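>
Numbering (this note's numbering), first residue to last: 5 to 98.
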């Protein structure tokens, strides 16, 4: 179906039972990624941003630090979707 954003697990399960084999999850993966970035900024605000020309803590604001967390959050949402759709562990043979 067009998108799973806002659909409950039961609604997704019902769609699968009714033959749905594809679900768009772009909005969900964007949100998972962005939410992780926001969490990193908000929980380490002083290390992320300094006022009046000061420099924050590089270990905190370095994109390699928060980027890994964001990528993991996005990947977790993809795994969740494969589980919801019953395709976890399966691959398409061409």
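Glycine residues also receive a C-beta, built at the ideal position from the N, C-alpha and C atoms. Remember, it's a predicted structure, so these values are computed and weren't measured experimentally.
#1: What residue range does the alpha helix (DSSP H) around residue 32 cover?
#2: DSSP state of residue 51, grouped into three classes?
#3: Just the C-alpha distance for residue 33 and residue 59, rounded to the nearest angstrom, thanks.
#4: Skipping 5 residues on each side, what residues in its chain have a beta carbon closer than 6 Å to that of residue 78?
#5: Measure how close the beta-carbons of residue 40 and residue 63 come, nearest whole angstrom, since I'm counting them as under 8 Å.
#6: Could you check where the alpha helix (DSSP H) with residue 14 kicks off and where it finishes?
According to the structure data:
#1: Run containing residue 32: 30 to 47, per the alpha helix (DSSP H) assignment.
#2: DSSP, read as helix, strand or coil, puts residue 51 in helix.
#3: Cα to Cα, the separation comes out at about 31 Å.
#4: 33, 36 and 37.
#5: Not confirmed; about 17 Å, so no contact.
#6: Looking at the DSSP string, the run of the alpha helix (DSSP H) that includes residue 14 is 13 to 21.
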